[in-house]
Amino acid sequence: MKKTYLNEIPNLVDKEIEVYGWVHEIRDTAKFLFIILRDSAGKAQILINKEKTEIYNVAKELHHEDVIYVKGIVKKSEIARLGYEIIPNEIKILSKAKHPLALDVTGKINAELNTILDARYLSLRRDDYNAIFKIQSALVRYIREFLYERGFIEIFTPKIIKFATEGGAELFQVKYFDEISYLAQSPQIYKEICSGAFEKVFEIASYYRAEKSRTPYHLTEFLSFDVECAFYSYHDIMDLLESLMKFVINKLYEKNEKEFNILKCEKINVDYKFERIKYDEVISILEPYGIKWGDDLTQHTLKLLEGKIGKKFFFIIDWPTELKPFYTHEHEDNPKITKSFDFNYGFLEIASGGERIYNGDKLVQKLKKMNLNPENFSLFIKALDSGMPPHAGFGLGISRLLLILTNSKNIKEVVLFPRDVDRLIP
RNA sequence: GCCCUGGUAGUUUAGCCCGGUUAGAAUGUGAGGCUGUCACCCUUGAGGCCCGGGUUCAAAUCCCGGCCAGGGCGCCA
135 MKKTYLNEIP NLVDKEIEVY GWVHEIRDTA KFLFIILRDS AGKAQILINK
185 EKTEIYNVAK ELHHEDVIYV KGIVKKSEIA RLGYEIIPNE IKILSKAKHP
235 LALDVTGKIN AELNTILDAR YLSLRRDDYN AIFKIQSALV RYIREFLYER
285 GFIEIFTPKI IKFATEGGAE LFQVKYFDEI SYLAQSPQIY KEICSGAFEK
335 VFEIASYYRA EKSRTPYHLT EFLSFDVECA FYSYHDIMDL LESLMKFVIN
385 KLYEKNEKEF NILKCEKINV DYKFERIKYD EVISILEPYG IKWGDDLTQH
435 TLKLLEGKIG KKFFFIIDWP TELKPFYTHE HEDNPKITKS FDFNYGFLEI
485 ASGGERIYNG DKLVQKLKKM NLNPENFSLF IKALDSGMPP HAGFGLGISR
535 LLLILTNSKN IKEVVLFPRD VDRLIP
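In the numbering used here, the protein residues as written are 135 to 560.
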């Protein structure tokens with residue numbers, strides 16, 4: 135016989151099955167011992183009659199999170215709240231859990247975030263965290279589904295890089311044999327180069343920033359979803375991102391209802407046109423708060439904006455040139471602003487992108503203007519000089535999106551093994 | 001890096017303001033009991049004041065420093 139997964143048992147009434155899983159709950163009454171068994175697919179009640187001493191002698195030794203094997207008959211039950219139960223003919227303990235455990239897997243006694251992270255080996259077994267990461271898996275799957283359907287090529291770019299190229303975010307140094315290298319903070323130039331060959335590319339991977347940020351939204355290692363498309367304008371890219379978001383979120387609500395029910399989080403409505411608000415308009419909305427043109431929009435500022443326009447998905451477009459990275463393409467008729475966008479849900483930035491400079495000479499000019507060394511970009515400049523089409527793209531924070539979808543409070547909750555300024559373990 | 005708040009059994013939490021109690025509870029864990037439980041229930045045992053210094057006859061409680069955590073800010077292609 136094969137392992138039966140616990141979600142299958144309603145179809146196996148009166149059949150003998152073999153199940154494997156973890157002891158989730160134990161209730162000990164006068165005549166019966168009730169074990170709630172949990173596996174990756176669901177839960178089932180094991181009903182043990184204490185008069186069956188052979189089985190009871192094994193079962194009375196059970197503790198929370200012990201791993202067991204049960205062979206038994208599935209019975210429909212009016213009394214059992216799950217509707218079905220398993221009457222065992224044999225129980226084996228495969229792996230003992232040493233007590234006390236670091237946290238309560240049933241979630242009846244909650245644990246602090248720090249405890250939850252330290253004991254990820256247990257908190258991932260909790261229904262809520264389990265659901266979050268099943269949603270993450272589905273989210274990535276639907277992104278791939280959407281893009282493969284539209285002729286995109288998935289790429290894998292290097293995470294160990296030679297040059298600390300830009301100002302801005304600090305990079306982690308890595309000893310690379312006899313030279314110094316860095317952990318990539320984005321696939322930017324590599325995905326642009328790839329778009330010059332494949333036209334439409336994407337990558338889902340982790341990147342690194344050595345910033346001592348202590349916020350509920352920043353990590354030193356974060357999962358990014360990057361897209362780059364040749365012959366796309368920034369409005370084309372926003373169209374793509376908007377339809378992708380609608381597809382992915384609707385599909386999640388359709389296919390992963392079980393997980394969202396466990397999390398008890400309200401569905402986010404995406405059934406509207408995602409507004410594209412010009413940076414200029416944002417400034418005029420925020421003028422009463424002393425925000426002026428040229429200011430970056432901090433989280434605090436964006437919270438004020440959310441208060442004005444409400445909590446929804448929207449784009450902020452046409453950012454001042456000096457607020458955007460060196461590769462961002464300016465508007466031809468007004469070089470003070472760029473063909474760029476941020477994509478937000480309320481105050482939280484989820485993605486940013488835009489059109490890129492695709493002419494080598496222009497890029498060199500721009501690098502010099504920003505006090506960056508063109509020599510460090512020689513590969514990229516050659517690529518631009520070798521027939522680089524106009525192109526645009528974006529980078530999206532997967533965990534920030536997951537945070538919103540699962541109504542979580544801290545990004546560390548939705549990352550399996552988060553890395554922040556103070557946490558390198560587990 | 002700055003500001004605020006906190007740190008009490010494995011976990012979660014009361015007590016702290018107003019110093020003196022066998023430091024209380026829940027859950028988990030050991031023992032026993034209980035008519036099918038479903039946050040089962042009942043009896044009973046074990047288990048705790050972050051670290052260092054100070055004030056005081058006396059510190060979980062007040063003060064200072066450290067470490068750790070959470071939040072706010074800053075930093076942040």
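Using N, Cα and C, we set each Cβ at its ideal position, and we do this for glycine too.
Check whether the Cβ atoms of residue i and residue j sit closer than 8 Å, and answer yes or no.
i	j	result
V208	I227	no
Q179	I170	yes
L273	L386	yes
K470	T455	yes
V382	I277	yes
G488	F475	yes
V239	E199	yes
S211	L237	no
Y413	F447	no
I396	I451	no
K177	H158	yes
L357	F280	no
S329	E376	no
V548	I266	yes
C399	N541	yes
G150	G206	It should be noted that the sequence gives Glu, not Gly, for residue 150. Cβ distance < 8 Å, so E150 and G206 count as in contact.
What is the C-beta distance between residue i and residue j, in whole angstroms, given that I count them as a contact (C-beta under 8 Å)?
i	j	result
Y324	P292	7 Å
P321	E304	With 8 Å as the limit, P321 and E304 do not qualify as a contact, their Cβ atoms being about 18 Å apart.
L251	K546	6 Å
K426	F481	K426 to F481, Cβ: 19 Å. No contact.
P523	A364	4 Å
E288	H525	With 8 Å as the limit, E288 and H525 do not qualify as a contact, their Cβ atoms being about 17 Å apart.
A318	Y342	7 Å
L439	I419	7 Å
V204	T354	Actually they do not touch by this definition, with Cβ atoms about 44 Å apart.
N390	V404	The pair is not a contact, with the Cβ atoms about 15 Å apart (cut-off 8 Å).
Y316	I295	5 Å
R254	L550	7 Å
P508	L501	5 Å
N145	A175	About 13 Å; that fails the 8 Å criterion.
Report the residue from the options whose alpha carbon sits nearest the alpha carbon of residue i.
i	options	result
L167	L140, I225 and K268	I225
F286	I294, E313 and A331	A331
L536	N183, I269 and K184	I269
P222	E152, L378 and H198	E152
F306	L281, E288, I402 and A344	A344
K165	V157, G176, T187 and A175	T187
V192	S229, Y310 and L216	S229
R215	E464, L181, V201 and L196	L181
M504	T462, D519, G527 and D467	T462
R553	N541, S533 and P422	S533
K232	E195, N141, D262 and T249	E195
G527	F356, T138, E415 and K473	K473
D173	T354, T163 and I202	I202
K496	S486, E466 and A265	E466
R275	F359, Y154, I314 and G217	F359
G494	I484, R259 and F511	F511
E421	F408, T435 and E409	T435
W453	G441, L235, F408 and S486	S486
H369	L506, L247 and R490	R490
F408	S347, K380, L235 and D312	K380
Going by the DSSP bridge assignment, what does residue i pair with across the sheet?
i	result
E288	F336
C363	K334 and A526
Q307	Y316
V153	V204
S358	A339 and G531
K184	None; K184 has no bridge partner.
K137	E152
T462	R490
L171	V157 and A178
N468	H465
F381	Per DSSP, none; premise fails for F381.
Check: Taking the runs of the beta strand (DSSP E) that are 3 residues or longer, which of them lie wholly in the segment 507 to 547?
Finding: 525 to 531
Checklist line | Every unbroken beta strand (DSSP E) inside the segment 202 to 284 [3 residues or more] | finding: 218 to 229
Notebook entry, point to check: At which residue ranges does the segment 472 to 503 contain complete beta strand (DSSP E) runs of 3 or more residues, listed in the order of the chain?
Noted result: 474 to 479 and 482 to 489
Item checked: Those runs of the beta strand (DSSP E) which lie wholly inside the segment 417 to 455 and span at least 3 residues -> 447 to 451
Notebook entry, point to check: Along the chain, which unbroken stretches of the beta strand (DSSP E) at least 3 residues long are found entirely within the segment 383 to 409?
Noted result: none
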